[in-house]
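Residue numbers (my numbering): 138 to 495.
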């Protein structure tokens with residue numbers, strides 16, 4: 138049986154005869170593969186974690202095997218939620234329409250249409266709104282995405298939200314949270330070469346440490362049945378066991394008791410089990426020591442190996458120059474230019490449109 142479906146289906150807003158190739162299985166394919174599940178819970182599923190920590194991989198597994206709809210990173214929810222405090226009453230149809238029109242200007246929708254064939258209209262979102270609030274608009278949007286992916290539940294993953302988790306919890310007070318944690322040293326090796334991430338070892342260690350702490354502190358405020366921590370390394374090394382843990386947490390019950398017999402070879406083929414512990418070979422002993430000096434307690438908290446009982450810190454000069462170097466690289470890297478221009482445009486657009494929604 139071919140387990141690699143190339144599902145072609147019309148997307149929201151697609152022209153007649155136009156099709157998309159979304160990265161999800163339709164209900165009939167899930168049934169054919171014996172992957173159909175029943176949900177005992179229906180709250181939003183919010184994946185949180187540092188960028189390059191495995192949240193995308195986890196979202197893909199949950200989408201495919203737990204039948205929870207995930208798209209690309211939203212990135213807009215907290216920003217628009219803050220702006221909405223200055224808008225008029227969303228129970229006013231004109232204000233609601235203006236808010237949805239503003240939402241649809243987000244670049245999220247361009248990628249969602251290109252990758253998943255999903256691009257709802259303002260009318261479709263408005264018809265789906267049950268509560269005239271910004272959270273109600275988001276729930277309508279992502280419920281449409283769940284319908285598009287033929288599931289009964291939706292999720293979102295945006296690492297940008299890690300620094301503002303209480304705001305996210307205020308938007309979705311019943312959501313379930315899955316925190317994905319990866320060894321900070323491997324995370325550093327992954328993000329440093331990228332234009333958008335920390336661009337030196339000290340900056341990467343400090344950012345990973347801060348996000349690790351924020352995850353710890355936030356989950357202490359969440360009831361046990363609404364929070365789960367999984368490590369990237371376990372997801373790679375013990376994927377089926379990790380998937381079972383996630384399914385139990387989400388209340389996703391396989392209809393076919395033999396589901397995991399089918400899932401095991403599929404998951405093992407999809408994941409790179411050797412994509413862990415790269416820091417042991419690719420990071421110098423001195424860099425490993427510096428990282429531990431900055432984030433050793435956090436590594437230990439999440440069960441990661443440490444090497445140095447008393448790690449020597451980075452030099453004062455290295456600590457002083459690190460944030461300036463990081464800021465310079467994020468601002469002036471050639472690939473950052475387009476993103477910075479986009480963000481400036483978003484600020485101008487938000488300012489202009491918010492005045493019209495008061």
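Each residue gets a CB set at the ideal place from its N, CA and C atoms; glycine is no exception.
- Where residue 335 is concerned, there is no enclosing beta strand (DSSP E), because DSSP gives it neither an H nor an E.
- Residue 489 is bridged by DSSP to nothing; it lacks a bridge partner.
- Under the rule that a run must span 4 or more residues, the alpha helix (DSSP H) segments found entirely inside the region 271-333 read 271-285, 302-308, 321-328.
- As a beta-bridge residue in DSSP terms, residue 176 pairs with 389.
- Looking at the DSSP output, residue 366 bridges to 316.
- Counting the other CB atoms within 10 Å of its CB gives residue 481 a total below 16, which places it among the exposed residues.
- Remark: C-beta atoms of residue 316 and residue 329 do not approach each other more closely than 9 Å.
- Residue 182 sits in a strand when the DSSP states are folded into three classes.
- In the structure shown, residue 206 falls within a strand segment according to DSSP collapsed to helix, strand and coil.
- For residue 170, the uninterrupted alpha helix (DSSP H) segment begins and ends at 164-170.
- Residue state for residue 359 is assigned as coil, using DSSP reduced to three classes.
- By the neighbour-count criterion, in which a residue is buried when 16 or more other Cβ atoms sit within 10 angstroms of its Cβ, residue 336 is buried.
- In this structure, residue 487 sits away from residue 415, with a CB-CB distance that is not shorter than 9 Å.
- Distance from residue 217 to residue 184 at the Cβ level is roughly 20 Å; contact not present, criterion being Cβ atoms closer than 8 Å.
- Secondary structure of residue 192 (DSSP, three-state): helix.
- Spatial neighbours of residue 301 in its own chain (CB-CB distance under 7 Å, excluding positions within 5 residues in sequence) are listed in chain order as 215.
- In the three-state reduction of the DSSP assignment, residue 255 falls in the coil class.
- Going by DSSP, residue 440 is part of no alpha helix (DSSP H) at all; its letter is neither H nor E.
- Judged by DSSP in its simplified three-state form, residue 267 adopts coil rather than helix or strand.
- A residue is called buried when at least 16 other Cβ atoms come within 10 angstroms of its Cβ; residue 192 meets this threshold and is buried.
- By the Cβ rule, the region 219-236 does not count as touching the region 193-200, because fewer than three pairs are nearer than 8 Å.
- Going by C-alpha positions, residue 362 is about 46 Å away from residue 454.
- The beta carbon of residue 167 sits closer than 6 Å to those of 173, all from its chain and outside the five residues before and after it, given in chain order.
- With at least 16 other beta carbons inside 10 angstroms of its own, residue 201 counts as buried.
- When secondary structure is reduced to three states using DSSP, residue 238 falls in the helix class.
- Judged by their CB atoms, residue 319 and residue 186 are nearer to each other than the 9 Å cut-off.
- Residue 164 and residue 289 have their C-alpha atoms roughly 11 Å apart.
- Residue burial annotation: residue 379 is buried, with at least 16 other C-beta atoms found within 10 angstroms of its C-beta.
- Cα atoms of residue 349 and residue 399: separation of roughly 35 Å, rounded to the nearest angstrom.
- If you ignore the 5 residues before and after residue 462, its C-beta comes within less than 8 Å of the C-beta of 336, 337, 340, all in its own chain and listed in chain order.
- Closest by C-alpha distance to residue 392, out of 188, 279, 262, 170, is 170.
- Look at residue 384 here: in three-state DSSP terms it is helix.
- With a threshold of 16 other beta carbon atoms within 10 Å, residue 429 meets it and is buried.
- Non-local C-beta neighbours of residue 309 in its own chain, meaning closer than 6 Å and more than five positions away in sequence, comprise 181, ordered along the chain.
- Residue 341 carries a helical assignment under DSSP once its states are collapsed to helix, strand and coil.
- Per DSSP, reduced to three states, the secondary structure at residue 395 is coil, with no helix or strand assignment.
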